[in-house]
Amino acid sequence: AVCNSYRIPCKDPPDKLFTVHGLWPSNWNGYDPIYCKQTNLDANKIAYLQAQLDIIWPNVYNRSDNVGFWSRQWEKHGICGSTTIHDDVNYFETVINMYIAQKQNVSEILSKAKIEPEGKNRTRVEIIKAIRNGTNGKR
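This is the structure in structure tokens:
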């Protein structure tokens, strides 16, 4: 979807897998907060998570810069989830946990609803309904 929605073309063929678009934790109501506090990602601290993140949360514009992409996500959005999100490691562990352990794997949920990444247009209502059904009503 990202590859078809923006003017910047993706640099490689899309995988037949829905991947994480982002995790924007917030303690606010209303618009998603961004750049809540000055921070930098220490890539060495998340190196042990990289293999999983490469699969579930790739930089679809440049697969050779996943770490740079994740760093920007942490600095722009992740830090805004403190105190619930304790630090950068907890942020990325939360993404993995939501995708794998908590079965909030959107690819799997949509596949069960017969919605596959095959280039077919779907309505927003169809997608929302499938996700809500697959997550016990979560939004």
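Under the working numbering, the residues of the sequence shown are numbered 1198 to 1336, in order. By construction, the Cβ of each residue, glycine as well, lies at the ideal position given by its N, Cα and C atoms.
Residue j beta carbon less than 7 Å from that of residue i
i	j	result
residue 1238	residue 1285	yes
residue 1282	residue 1306	no
residue 1386	residue 1214	Here the chain comprises residues numbered 1198 to 1336, so residue 1386 is not present and cannot be evaluated.
residue 1263	residue 1251	yes
residue 1253	residue 1291	no
Among the options, the one whose alpha carbon lies nearest that of residue i
i	options	result
residue 1249	1289, 1304, 1334, 1278	1289
residue 1207	1257, 1230, 1252	1257
residue 1228	1302, 1294, 1333, 1274	1274
residue 1199	1255, 1271, 1323	1255
Coil, strand or helix - residue i by DSSP
i	result
residue 1304	helix
residue 1284	coil
residue 1200	helix
Would you call the stretch 1274-1282 and the stretch 1310-1321 touching, i.e. three or more CB-CB distances under 8 Å? no
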